[in-house]
Every structure is written in structure tokens, then in C-alpha cells.
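Asker: Input: one structure, supplied below.
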Amino acid sequence: MHTSARNQFSGTVKTVQKGAVNAEVILDLGGGVELAAIITNASVDHLALASGSSAIALIKAPWVILTTDEKLKTSARNHLCGTISACREGAVNGEVVLDLAGGRQLVAIVTNDSIQNLGLKAGVRACALIKASHIILAVQP
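Counting in our numbering, the sequence shown runs without a single skipped number right up to 175 at its last residue.
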């Protein structure tokens with residue numbers, strides 16, 4: 035699957051909890067890493083998501099929030115911590131690559147001001163915060 039989303043994580047659906055309109059889907063990425071996604075019930079049905087089924091989480095790099103405070107409490111459901119392996123500044127924004135457990139990488143696009151204010155550079159520990167509603171789920175046909 036080719037998409038413009040920089041972050042793509044394959045996993046297995048652990049649970050699907052439907053509400054009146056939306057559902058919470060927990061995707062097990064392996065190695066103790068899980069992602070929570072909020073999608074519509076119609077999408078759950080359309081994708082045939084159920085416990086044990088395979089799915090892919092897509093996360094656009096600008097939707098990722100970075101922090102260097104691993105204990106920061108936020109409303110973001112997903113906290114993925116790791117070590118920065120690359121940080122490239124552009125004219126306004128920069129690209130930060132975070133090495134996660136299990137050999138995974140996550141890319142975030144943040145402002146150059148944020149890179150400087152947080153001291154983001156290779157070797158620094160950081161956490162990616164991702165709202166459950168900012169995760170797009172896909173399945174292979």
C-alpha cells in the first residue's frame with residue numbers, strides 16, 4: 035500500500051468497542067506496543083475489523099506532537115517513546131525521526147522553534163503523542 039502518510043504500522047486488532055457512533059479500536063503492534071484509534075462504527079463494519087484481524091495504522095507526520103517529558107499527562111491516548119535518530123530543519127518546519135521499540139520509526143513534522151525550544155536532536159529521548167482520532171486504519175484487500 036502506498037500512501038502519503040509517513041507513519042504506517044501493521045498490527046493485529048486486539049479489541050473493538052463500539053459506542054453509539056464511534057468505536058475504539060486497539061491495535062497491537064507487537065512488543066507490548068499498542069495504538070488506540072477512534073473511528074466510526076460504519077468504518078469498523080466496512081473494514082470488517084474484529085479481534086484478531088490485521089490492520090494498518092496510518093499517521094500523518096504533522097499530526098504527531100513531541101515532548102521530552104516522558105511523564106507528561108495529556109489527553110492524547112497514544113504515547114510512543116524512543117530516541118531521536120535524525121533531526122532536519124527546513125525553512126519553517128523540521129522533520130524529526132524517532133526510533134521506537136522493535137525497530138520501528140516514527141516521523142514527526144514540527145516547527146523549528148519547537149526543535150530548538152525542546153532541544154530535539156539525535157540521541158535525545160522523546161515521546162510522540164498521538165490523539166486516537168488522528169489515526170487512520172486501513173486493511174489490505
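Yeah, the Cβ is synthetic: ideal placement off N, Cα and C, and Gly gets one too. Given the structure is predicted, the values throughout are model-derived calculations rather than measurements.
When burial is assigned at 16 or more other CB atoms within 10 Å of the CB, is Gly-136 buried or exposed?
Answerer: On the sequence shown, position 102 is the one that residue 136 refers to. It is exposed - the Cβ of Gly-136 has fewer than 16 other Cβ atoms within 10 Å.
Asker: Just the C-alpha distance for Thr-46 and Ser-88, rounded to the nearest angstrom, thanks.
Answerer: For this step, residue 46 is matched to residue 12 along the sequence shown. For this step, residue 88 is matched to residue 54 along the sequence shown. Taking the straight line joining both Cα atoms gives about 5 Å.
Asker: Pull up the CB-CB distance for Ala-39 and Ile-93, whole angstroms please, since I reckon it's below 8 Å.
Answerer: Against the sequence shown, residue 39 aligns to sequence position 5. Against the sequence shown, residue 93 aligns to sequence position 59. Right, their Cβ atoms sit about 6 Å apart.
Asker: Could you say which of Arg-138, Ala-162 and Gly-128 lies nearest to Asp-147 if we only look at CA atoms?
Answerer: Against the sequence shown, residue 147 aligns to sequence position 113. Looking at the Cα atoms, Gly-128 is the closest of the given residues.
Asker: Have a look at Leu-61 and Ala-82 and give me their C-alpha separation to the nearest angstrom.
Answerer: As a first step, residue 61 is located in the sequence shown; it is residue number 27 there, counting from the start. As a first step, residue 82 is located in the sequence shown; it is residue number 48 there, counting from the start. C-alpha separation (whole angstroms): 14 Å.
Asker: Give me the Cα-Cα distance between Ala-84 and Cys-121, rounded to the nearest whole angstrom.
Answerer: On the sequence shown, position 50 is the one that residue 84 refers to. On the sequence shown, position 87 is the one that residue 121 refers to. Each residue's Cα considered, the two are about 37 Å apart.
Asker: Rounded to whole angstroms, what's the CA-CA distance from Leu-106 to Val-67? Just pull it up for me.
Answerer: On the sequence shown, residue 106 is found 72 positions in, with the first residue counted as 1. On the sequence shown, residue 67 is found 33 positions in, with the first residue counted as 1. Answer to the nearest angstrom: the Cα atoms are 18 Å apart.
Asker: Who are the Cβ neighbours of Leu-152 in its own chain at under 7 Å, not counting the five residues just before and after it?
Answerer: Mapped onto the sequence shown, residue 152 falls at position 118. Answer for Leu-152: Leu-100 and Thr-102, listed in chain order.
Asker: Please list the segments of the beta strand (DSSP E) lying wholly inside the stretch 52 to 140, counting only runs of 3 or more residues, in order along the chain.
Answerer: Counting only runs of 3 or more, we get 56 to 64, 67 to 74, 88 to 93, 99 to 101, 112 to 123 and 127 to 133.
Asker: Between which residues of its own chain and Ala-166 is the CB-CB distance below 6 Å, once the five residues before and five after are set aside?
Answerer: Here residue 166 refers to the residue found at position 132 of the sequence shown. Once the five neighbours on either side are set aside, the close Cβ partners of Ala-166 are Ala-70, Ala-71, Ile-72 and Arg-111.
Asker: Cβ of Leu-114 within 7 Å of Cβ of Ala-162?
Answerer: On the sequence shown, position 80 is the one that residue 114 refers to. On the sequence shown, position 128 is the one that residue 162 refers to. Yes, Cβ-Cβ distance for Leu-114 and Ala-162 is below 7 Å.
Asker: Return the bridge partner residues of Val-144 from the DSSP annotation.
Answerer: Residue numbering aside, residue 144 sits at position 110 when the sequence shown is read from its first letter. Its beta-bridge partners are Gly-128.
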